[in-house]
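Note sheet for the following structure.
In the working numbering, the protein residues as written are 54 to 109.
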């Protein structure tokens with residue numbers, strides 16, 4: 054992996070308190086931090102999107 058790929062970008066994310074609670078509970082169920090859960094979910098969404106575009 055290139056050096057640029059290893060460095061993580063920081064972003065400010067504003068979400069509703071309700072969504073925060075849902076993500077927090079989900080992260081706890083999956084034994085992840087909330088940040089880790091959000092990163093996991095985004096990674097999965099991107100992977101699925103790429104796959105669906107290949108299948109078309």
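Just so it is clear, CB atoms sit at the ideal spot from N, CA and C, and this is done for glycine as well.
Open item on the list: On the DSSP letters alone, give me the boundaries of the alpha helix (DSSP H) that residue 68 sits inside.
Closed with: The count along the chain shown starts at 1 and reaches residue 68 at position 15. Looking at the DSSP string, residue 68 is not in any alpha helix (DSSP H), and its letter there is neither H nor E.
Task: C-alpha gap between residue 71 and residue 91, whole angstroms - done: Here the question's residue 71 lines up with position 18 in the chain shown. Here the question's residue 91 lines up with position 38 in the chain shown. Each residue's CA atom was taken as its position, placing residue 71 and residue 91 some 15 Å apart.
TODO: Mind reading off the beta-carbon distance from residue 15 to residue 77? Whole number of angstroms is fine, and I expect it under 8 Å.
DONE: The structure shown has nothing for residue 15, since the chain only spans 54 to 109.
TODO: Measure from the alpha carbon of residue 63 to the alpha carbon of each residue in 105, 98, 101 and 89, then state which is nearest.
DONE: Start at 1 with the first residue of the chain shown, and residue 63 comes out as number 10. The shortest Cα separation from residue 63 among 105, 98, 101 and 89 belongs to 89.
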